[in-house]
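Peer 1: Got a structure for you, written out below as structure tokens; questions coming shortly.
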Amino acid sequence: ADLPRPAAEIKAGKRKYAADAGAQWALGNFKRAAGGVEIAYKLRLAPGAKTTTVFAGGLALAESFESLFYAAPPDSTRFFLWYRGMPPSSWAYGRNYFEADARDLARFINLAAGRTGAARVTLVLHSYSTLVIQKMVQLREDAEVARALGYLRGSQVLMLNPTTHYKGSEAQ
């Protein structure tokens with residue numbers, strides 16, 4: 002397993018984010034479910050936390066949760082995902098991007114649960130990610146996706162600025 006490395010500053014695209022509220026973020030990556038490129042994430046451990054929260058943003062708003070992250074120390078261990086093509090993640094062209102991103106989100110939920118030993122994972126999604134979770138549910142027969150959905154059973158799933166479709170997404 003790829004273990005996160007400590008990072009005093011997180012660089013995403015052209016922006017840098019200093020560690021907030023004295024907390025330490027760590028950077029990590031995992032192999033993309035389709036295509037094998039690296040998908041990046043950051044992790045903020047919360048000592049004594051009883052919950053694990055996964056955040057996944059929109060494509061245009063990759064840093065849509067930064068204001069929350071700069072707030073008071075978290076009450077849960079937080080994981081934040083950068084989808085393919087969102088720096089610092091690698092870019093990979095694909096024809097079935099909803100499916101690939103859904104499999105990456107499932108892999109990430111499983112990684113977060115495995116890292117913390119959580120039986121359940123809280124999920125916070127912004128815009129594009131609300132499409133990704135819909136595709137993930139459609140792929141529920143896949144073993145890795147089914148495992149991730151199991152971690153969400155009985156948990157909170159929060160959708161901010163949900164998107165129900167983009168032109169052509171129904172065909173995906």
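First residue of the sequence shown: 2, per the numbering used here; consecutive thereafter. Note that beta-carbon positions come from the ideal geometry of N, C-alpha and C, so glycine has one too.
#1: State buried or exposed for R141, treating a residue as buried only when at least 16 other CB atoms are found within 10 Å of its CB.
#2: Quick one, are the C-beta atoms of A120 and V146 less than 8 Å apart?
#3: What whole-angstrom Cβ distance do T117 and T78 have, given they're in contact under 8 Å?
#4: Among A149, L132 and I134, which has the Cα closest to the Cα of V122?
#5: Tell me the rounded alpha-carbon separation between L112 and P163.
#6: Relative to the alpha-carbon of V133, which residue among R154, I110 and W92 has its alpha-carbon at the smallest distance?
#7: Report the rounded CA-to-CA distance for G23 versus A47, giving the unit in angstroms.
#8: Between R33, G29, M160 and L28, which lies nearest to P95 when the distance is taken from Cα to Cα?
#9: Closest to M87 by C-alpha separation, out of L161, Q157, N30 and M137, would be which residue?
#10: Would a C-beta distance cut-off of 8 Å place R45 and P75 closer than the cut-off?
#11: Nearest by alpha-carbon distance to F175: which of S91, A101, F99 and A50 is it?
#12: Considering only C-alpha positions, which residue in the set A93, A114, Y152 and R85 is nearest to Y129?
Peer 2: Put simply:
#1: To locate residue 141, count along the sequence shown from 1; it is residue 140. R141 comes out exposed.
#2: Position 119 of the sequence shown, counted from the start, is the residue given in the question as residue 120. Position 145 of the sequence shown, counted from the start, is the residue given in the question as residue 146. No; because the gap between Cβ atoms is not below 8 Å, this pair is not in contact.
#3: In the sequence shown, residue 117 corresponds to position 116, counting from 1. In the sequence shown, residue 78 corresponds to position 77, counting from 1. Rounded, the Cβ-Cβ distance is 5 Å, consistent with contact.
#4: Reading the sequence shown from its first residue, position 121 is the one you call residue 122. Of the candidates A149, L132 and I134, the residue whose Cα lies closest to the Cα of V122 is A149.
#5: As a working note, residue 112 is residue 111 in the sequence shown. As a working note, residue 163 is residue 162 in the sequence shown. Cα to Cα, the separation comes out at about 24 Å.
#6: Your numbering for residue 133 matches position 132 in the sequence shown. For V133, the nearest C-alpha among the options comes from I110.
#7: Position 22 of the sequence shown, counted from the first residue, corresponds to residue 23. Position 46 of the sequence shown, counted from the first residue, corresponds to residue 47. Here G23 scores only 49 on pLDDT, less than 50, and its place in the model should not be relied on; the value that follows carries that caveat. Near 12 Å, if we compare the C-alpha coordinates of A47 and G23.
#8: Counting from 1 along the sequence shown, the entry for residue 95 is found at position 94. It should be noted that the sequence gives Gly, not Pro, for residue 95. Taking only the C-alpha atoms, the option nearest G95 is R33.
#9: By one-based count along the sequence shown, residue 87 stands at place 86. Out of L161, Q157, N30 and M137, N30 has the C-alpha closest to the C-alpha of M87.
#10: Start at 1 with the first residue of the sequence shown, and residue 45 comes out as number 44. Start at 1 with the first residue of the sequence shown, and residue 75 comes out as number 74. Their beta carbons are under 8 Å apart, which means R45 touches P75 by this criterion.
#11: Outside the displayed range of the chain (2 to 173) lies residue 175, so it cannot be described from this structure.
#12: One-based indexing of the sequence shown puts residue 129 at position 128. Of the candidates A93, A114, Y152 and R85, the one whose C-alpha sits nearest the C-alpha of Y129 is R85.
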